[in-house]
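This report refers to the structure that appears directly beneath it.
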Amino acid sequence: MDAQTLRAETFKALHERDRAFVMPNPWDAGSAKMLASLGFEALATTSAGFAFSLGRPDAEGALSLEDTLGNAGMIVQATSLPVAADLENGFSDTPQGCAETLLRAAATGIVGGSIEDATGIAVDPIYPFDLSVERVEAAVAAARSLPFPFTLTARAENLLHGRLDLPDTIRRLQAYAEAGADVLYAPALRSAEEVLAVVKAVAPKPVNILMSGALKLSVAQLSEMGVKRISVGSAMALAAYGEFFRAAQEVHELGTFTFTERSMPFRQANQLFKG
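Below, the structure is given as C-alpha cells:
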C-alpha cells in the first residue's frame with residue numbers, strides 16, 4: 007500500500023469511529039509540524055490562514071488554484087498525517103471545473119477536500135440549488151475515479167454569507183449527501199440545536215463542525231451530539247497572529263518586552279522542526 011493510500015484509509019477510518027476527532031488547520035509547514043507533534047490525527051488546510059500568511063485578505067480571488075495546491079502539497083510533505091484541503095468553490099462555476107480541480111488537488115498528496123456552494127459574488131453569494139448538486143455530483147465522480155478512497159466534503163455556505171436559512175441549508179446538505187458526498191459541512195452554525203438538527207438530517211453521513219467563538223461547545227459535547235469531525239478554520243492562525251501583533255504593539259507603544267516571557271523557548275521550537 008503506497009503512502010497516499012495508507013493516509014486515505016486512515017482518514018476514512020477516523021470518520022467511522024464512535025467519537026469525534028479534531029482536525030486542526032495549519033497554514034504552513036511549521037504549523038503543521040507543531041500540530042503533528044501534539045498528537046493530532048489529521049490536518050486540513052485553511053484558505054484564510056494561508057492568505058494571511060501571504061499578506062492577503064480572505065477574499066474572492068486572493069488565492070489562485072496554484073497557490074492553494076502549492077500550500078496543500080507543502081503541508082502534506084511536512085508530516086505523515088492525512089491532509090484534507092479547503093478547495094473553496096472548486097475554483098470554477100462549472101461541475102466539470104470542480105472535478106478537474108479535485109483531480110489536480112489529489113495529485114498533491116491530499117486524501118480529502120471540500121467543495122462549497124458559494125459563488126464568491128457578494129450580490130449573489132450562493133449557487134442555485136440544482137447547479138450546486140451537479141457540482142457535488144461531478145466532484146464525487148472525480149473522487150471515485152481515484153485509486154484510493156478520497157474523502158469528499160460538501161459545504162453549504164448559506165449561514166456564512168448572511169443567508170440565515172437553516173431549512174435551505176439542511177435541504178442542500180441532504181441533497182449533497184444523496185449525491186455521494188462523504189462528509190457534510192455547514193460553517194457558522196449558531197447553536198447546539200442547529201448542530202443537532204444538521205447531524206440528524208444527514209445521518210448516518212458524518213458531519214464536520216467548524217468551531218468558533220460563537221459556538222461554545224467542547225469536543226466531548228460535540229461528540230455526544232453525534233458530530234464526527236471538528237475543525238477550527240483560521241482560528242489557530244488568528245491566535246498566532248494575535249499574539250504576534252500584541253507583542254509588536256507592546257514593543258512599539260510601551261517599549262517593553264514582557265511578551266518574551268510567553269514565547270516558546272528557542273530550543274523547544276528548534277527541536278520540533280528537526281523532526
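Take the position in the sequence shown, starting the count at 1, then add 6; the result is the number in our numbering. Beta carbons: idealized from backbone N, C-alpha and C, even for Gly.
- Excluding five sequence positions before and after A220, the CB atoms of its chain that fall closer than 7 angstroms to its own CB belong to R196, given in chain order.
- With distances taken between CA atoms, I176 lies nearest to K211 out of A144, K211, R235.
- Checking the DSSP bridge columns, you'll see F27 partnered with R235.
- The C-beta of Q255 has fewer than 16 other C-beta atoms within 10 Å across all chains shown, which makes the residue exposed.
- The C-beta separation of R235 from P193 comes to about 13 angstroms, leaving the pair out of contact by the 8 angstroms criterion.
- Contact check between the segment 98 to 114 and the segment 56 to 65: fewer than three CB pairs, one atom from each, fall below 8 angstroms, which does not count as touching.
- By the Cβ test, the segment 148 to 163 is in contact with the segment 9 to 21, since at least three Cβ pairs between them sit closer than 8 angstroms.
- DSSP places A90 in the uninterrupted beta strand (DSSP E) bounded by 89 to 92.
- The Cβ-Cβ distance between A145 and L166 does not fall below 7 angstroms.
- Counting other Cβ atoms within 10 Å of its Cβ, M40 reaches 16 or more and is therefore classed as buried.
- Taken through DSSP and simplified to helix, strand or coil, T159 comes out as strand.
- In the three-state reduction of the DSSP assignment, I127 falls in the coil class, being assigned neither a helical nor a strand state.
- No residue range can be given for N164, since it is assigned to no alpha helix (DSSP H) and is classified by DSSP as neither H nor E.
- In this chain, I121 is not harboured by any alpha helix (DSSP H); it is covered by the beta strand (DSSP E) spanning 118 to 122.
- When the five nearest sequence neighbours on each side are left out, the beta carbons in the same chain lying within less than 6 angstroms of the beta carbon of G118 are those of F17, A90, T157, in order along the chain.
- The C-beta distance from V139 to Y191 rounds to 15 angstroms, too long to fall under 8 angstroms, and the pair is not in contact.
- Per DSSP, Y133 lies in no beta strand (DSSP E) and is assigned neither H nor E.
- In the three-state reduction of the DSSP assignment, L108 falls in the helix class, which pools H, G and I.
- With three or more CB-CB distances shorter than 8 angstroms, the segment 226 to 245 counts as touching the segment 27 to 35.
- Collapsing the DSSP output to three states places A192 in coil.
- Residue range 213 to 216 is occupied by the beta strand (DSSP E) that includes V213.
- By the C-beta criterion, the segment 108 to 124 is judged to be in contact with the segment 79 to 93, since at least 3 inter-stretch pairs fall below 8 angstroms.
- Taking all protein chains in view, the Cβ of F263 is surrounded by fewer than 16 other Cβ atoms within 10 Å, so the residue is classified as exposed.
- The Cβ neighbour count for T74, taken over all protein chains shown within 10 Å, is at least 16; the residue is labelled buried.
- Nearest Cα to L172 within the set V142, D188, A207, R150: A207.
- Boundaries of the alpha helix (DSSP H) harbouring K206: 198 to 208, taken from the DSSP string.
- Per the DSSP secondary-structure output, L49 pairs in a beta bridge with V89.
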